[in-house]
Every structure is written in structure tokens, then in C-alpha cells.
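Step one of this worksheet: look at the structure below.
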Amino acid sequence: MALERTFSIIKPDAVAKNVIGAIYNRFESAKLRIVASKMVHLSKEQAEGFYAEHSERPFFNALVSFMTSGPVMVQVLEGENAVLRHREIMGATNPAEALAGTLRADYAASIDENAVHGSDAAESAAREIAYFFSDEEICPRTR
Ligand code: RTP
Ligand code: MG
Numbered sequence: 001m002a003l004e005r006t007f008s009i010i011k012p013d014a015v016a017k018n019v020i021g022a023i024y025n026r027f028e029s030a031k032l033r034i035v036a037s038k039m040v041h042l043s044k045e046q047a048e049g050f051y052a053e054h055s056e057r058p059f060f061n062a063l064v065s066f067m068t069s070g071p072v073m074v075q076v077l078e079g080e081n082a083v084l085r086h087r088e089i090m091g092a093t094n095p096a097e098a099l100a101g102t103l104r105a106d107y108a109a110s111i112d113e114n115a116v117h118g119s120d121a122a123e124s125a126a127r128e129i130a131y132f133f134s135d136e137e138i139c140p141r142t143r
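Position 25 of the sequence shown, counted from 1, bears residue number 25 in the UniProt record's numbering, the numbering being contiguous throughout.
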């Protein structure tokens, strides 16, 4: 299969827990390569725009409040079947349902503060990557 890209966020709870490196290690162990990365503290407008598809859901305000509560790491991950592979290592949205050894089982406290985000399809990955990164900021493998 050809290389695929997906978009990842290490959310404010996990950044506060000081586990950025531990989570990056999981990406690399899963053969997902970090090809762009930065730390940002999202504005309310940025968070609302990113989660626009959820704007009518009851948890929307809490989600935006959480996502703006502290800095996040945003990254582009590249690898074979990257979207699905990344979703697998993240685990279920609700950490109580996440398989042992997944990021959410190990680092998330609740469905509201669940440590990581990952694109759910190739189309959303392309949109989410472009929301945070210009083409020049993405550095694919050359050797
Ligand atoms: P994400 O987008 O963050 O990777 O998570 P996901 O696909 O597994 O979940 P999604 O349905 O896209 O929901 C986005 C985020 O909203 C929060 N949420 N809370 N209280 C609730 O019922 C509820 N449902 C979703 C979670 O933080 C979820 O990651
Ligand atoms: Mg989602």
C-alpha cells in the first residue's frame, strides 16, 4: 500500500502530564513517521473551527473549553495505512472502552479528556492537516 498521512493532536491533558515523548515513541513503534510537528495553544475560534462538525452536539462547549485549556502538540504522521493504524493505537474515544495498551487506555482519564485526537478518514486527514500546516511545513522522508 502507498504511504498515507494522518493528523494527530496530543491534547492538553496529555501535554500537562508530560507524556509527549512517550506518545511520540508509540507513533514510531507503530511505524508512523512524524513529518510535521508544532506546539500551539488553540484560540476559541481555532478550536471551534476544527471541531465544527460537532457544533450541534451537547458536548461541544465542554470540548472547546478543554481543547483551549492548555497547549497541544499537533503533528502529521506518515506511514502505510496511517489513518487506521493511528486509530488503532489511540483506542476507543471512551478510555473505559479502550483496549489495553492503547494510548487512551494508558493516558486518558475520561471521554471528555481523552489524551489524543486522530483523523477518522483520509478525507478528514487532508482537511485537518491543511487546517494547521502549510505544504512547506511538512517534511516527508528523503532517505
Ligand atoms: P477525536 O476526534 O478527538 O480523535 O475523537 P473521536 O474521533 O474518537 O471522537 P469524536 O466522535 O470525533 O468526538 C470528538 C471528541 O469529542 C469528545 N466527546 N465527548 N461526552 C461525549 O459523549 C463525547 N463524545 C465525544 C471527545 O473528547 C472526543 O475525542
Ligand atoms: Mg473524531
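We put the CB at the ideal spot given by N, CA and C, even for glycine.
Residue i CB to nearest heavy atom of ligand 1 below 7 Å
i    : result
I111 : yes
N114 : yes
H54  : yes
T93  : yes
CB contact flag (residue i, residue j, <8 Å)
i    : j    : result
E137 : A47  : no
F27  : I20  : no
L32  : H86  : yes
F50  : I129 : no
G79  : E4   : yes
A122 : V83  : yes
K38  : T68  : no
DSSP beta-bridge partners of residue i
i    : result
F7   : V76
V19  : None; V19 has no bridge partner.
H117 : I9
R85  : Answer is none; R85 lacks a bridge partner.
R33  : E78
K38  : V74
Legend entry - Contact between the stretch 11 to 18 and the stretch 107 to 126 (3+ Cβ pairs under 8 Å): Flag = yes, the stretch 11 to 18 and the stretch 107 to 126 touch.
Inset, instruction - Report all residues for which the CB-ligand distance to some heavy atom of ligand 2 is below 7 Å; order them along the chain. - result: Per the Cβ criterion, the list is H117 and D120.
Legend entry - the stretch 41 to 60 touching the stretch 92 to 109, judged by at least three CB pairs closer than 8 Å: Segments in contact, no.
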